[in-house]
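Trainee: Sharing a structure with you now.
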Amino acid sequence: LNNLLLAEKIARNYGITLVLENCPYSHLPKGKMTLQLVQQINSPYLKLLWDPANSYRAFKQNVPLEYLGITLIEELKEVYPYIDHIHVKDYHYVEGFKKPFVHKPIYDGDIDYDSIFAYLKGQGYDKALSLEPEVSHKEALLCRKDKIKSRDSCFLFYFLMLGSTALYRRGMMIKPKIKVGTMYVAW
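What the sequence shown shows, in the working numbering, is residues 4 to 190, in sequence order.
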């Protein structure tokens, strides 16, 4: 906590916002658990980087029982006001594997991104999203076109996979962000 307080002080002095990510093999594997620390610091200079896939694959031994039954949509609704950035990636759980959470291209895994994006769109989310597919470039690009074309709520992947011209053709805009691979959305 002391190190995070120091980091927040430095961020405040420079007028920048830090984001704290929920990481599956850490002490804060779920977004809701990470949120508690963000709330404890209670600063506009520290926000949440919510990674739904990390919440999904959280190392169960690190998750108290009261967090195990929370769906990603339930978690999103609770952490939403504190989110400043979202990572987008997907996993599929395979029983019996030594590492049972297998990286998959978006929409080939177990995470219901249609519901997540619909909620974000309904709330007017205008913060950062970044694609973090953790699969090969070919998998991330080629196998998504057929599935994404039918999903209006997920227009941002047109930008991430086909380039900004596809996003502009749909009459939408992006706001540039300093970090490569990150974009803001305009629903």
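Ideal placement from N, C-alpha and C gives every residue a C-beta, glycine not left out.
So, helix, strand or coil for Val41, using DSSP?
Mentor: Three-state DSSP puts Val41 in a helix.
Trainee: Which residues in the same chain as Trp53 place their Cβ atom closer than 6 Å to its Cβ, once the five residues preceding and following it in sequence are excluded?
Mentor: Gly34, Val82, Ile86 and Ile89.
Trainee: If I'm right that Lys101 touches Glu135 with Cβ under 8 Å, what's the distance once you round it to whole angstroms?
Mentor: Contact doesn't hold; Cβ gap of about 23 Å is too wide.
Trainee: Counting along the chain, where does the beta strand (DSSP E) carrying Val97 start and finish?
Mentor: Careful: Val97 lies outside any beta strand (DSSP E) and carries neither H nor E.
Trainee: Tell whether a beta-carbon distance below 8 Å holds between His140 and Gly112.
Mentor: The answer is no: Cβ separation not under 8 Å.
Trainee: Would Ile109 pass as a contact of Leu79 if the rule is Cβ separation under 8 Å?
Mentor: No. Outside cutoff.
Trainee: Give me, in chain order, the residues of the same chain whose beta-carbon lies closer than 7 Å to that of Val105; leave out the 5 immediate sequence neighbours on both sides.
Mentor: The answer, listed in chain order, is Tyr94, His95 and Val97.
Trainee: Do you know whose CA, among Met36, Gly125, Ile44 and Tyr28, lies nearest Glu11's CA?
Mentor: When each option's Cα is compared against that of Glu11, the closest is Ile44.
Trainee: Between Gln39, Lys50, Pro84 and Cys26, which lies nearest to Tyr59 when the distance is taken from Cα to Cα?
Mentor: Ranking Gln39, Lys50, Pro84 and Cys26 by Cα distance to Tyr59 puts Cys26 first.
Trainee: Within 10 angstroms of the Cβ of Asn57, are there 16 or more other Cβ atoms? Answer buried if so, exposed if not.
Mentor: Buried, since its Cβ has 16 or more Cβ neighbours within 10 Å.
Trainee: Check for me: the alpha helix (DSSP H) holding Leu8 runs from which residue to which?
Mentor: Asn5 to Tyr17 is the extent of the alpha helix (DSSP H) around Leu8.
Trainee: Thinking C-alpha only, which one of Ala131, Ile73, Val138 and Val66 is nearest Thr20?
Mentor: The shortest C-alpha separation from Thr20 is found at Ala131.
Trainee: Ignore the nearest five residues each way along the sequence and tell me which others in Ser156's own chain have a CB closer than 7 Å to its CB.
Mentor: With a pLDDT of only 42 at Ser156, under 50, the local geometry of the prediction cannot be trusted, and no value is derived from it.
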